[in-house]
Amino acid sequence: MPRYCFCLQVRPDRKTEYAQRHRAVWPGMRQALHDTGWRNYSLFLRDDGLLIGYVEADDLEAAQAAMAKTEVNARWQAEMAEFFTGLDGGPPDEGFQLLEEVFHLEPPTVAEGQ
Numbered sequence: 001m002p003r004y005c006f007c008l009q010v011r012p013d014r015k016t017e018y019a020q021r022h023r024a025v026w027p028g029m030r031q032a033l034h035d036t037g038w039r040n041y042s043l044f045l046r047d048d049g050l051l052i053g054y055v056e057a058d059d060l061e062a063a064q065a066a067m068a069k070t071e072v073n074a075r076w077q078a079e080m081a082e083f084f085t086g087l088d089g090g091p092p093d094e095g096f097q098l099l100e101e102v103f104h105l106e107p108p109t110v111a112e113g114q
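Count the sequence shown with our numbering and you get residues 1 to 114, in order.
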């Protein structure tokens, strides 16, 4: 399954509240992410507000488009937008920068393990 990594910038003065909100993600939002193809989704937040996201999806663009059609995502994005810098008025889920994967450690094959 394809893997995607992205980054955004959380306002450093809001990072504690941002993290708190993500400890209580709405059940409907969790369900919508699952239903639209987001798998193994994680967010990591650095002290200076750098947010790194990781997600697996068959097709990230299709998963994003499907989420954009949900009412719960519109509400979530509207509430989360105030936590970020550099979005130019757009929602966070459309403003992240994808990172290029340059290495992935695969499990060794039988031949490699000998």
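Idealized CB from N, CA, C, for every residue including glycine.
Check: Assigned exposure category for G86 - 16 Cβ within 10 Å defines buried; Outcome: exposed
Check: Counted within 10 angstroms of its Cβ, other Cβ atoms place P92 as buried (16 or more) or exposed; Outcome: buried
Check: Continuous alpha helix (DSSP H) assignments of at least 4 residues falling wholly in the segment 9–83; Outcome: 15–22, 27–35, 60–68 and 71–80
Check: Contact check, R14 vs F83, beta carbons under 7 angstroms; Outcome: yes
Check: Proximity to A57 [Cα-Cα], best of C5, L45 and A111; Outcome: C5
Check: Cβ neighbour criterion (16 or more within 10 Å) applied to A32; Outcome: buried
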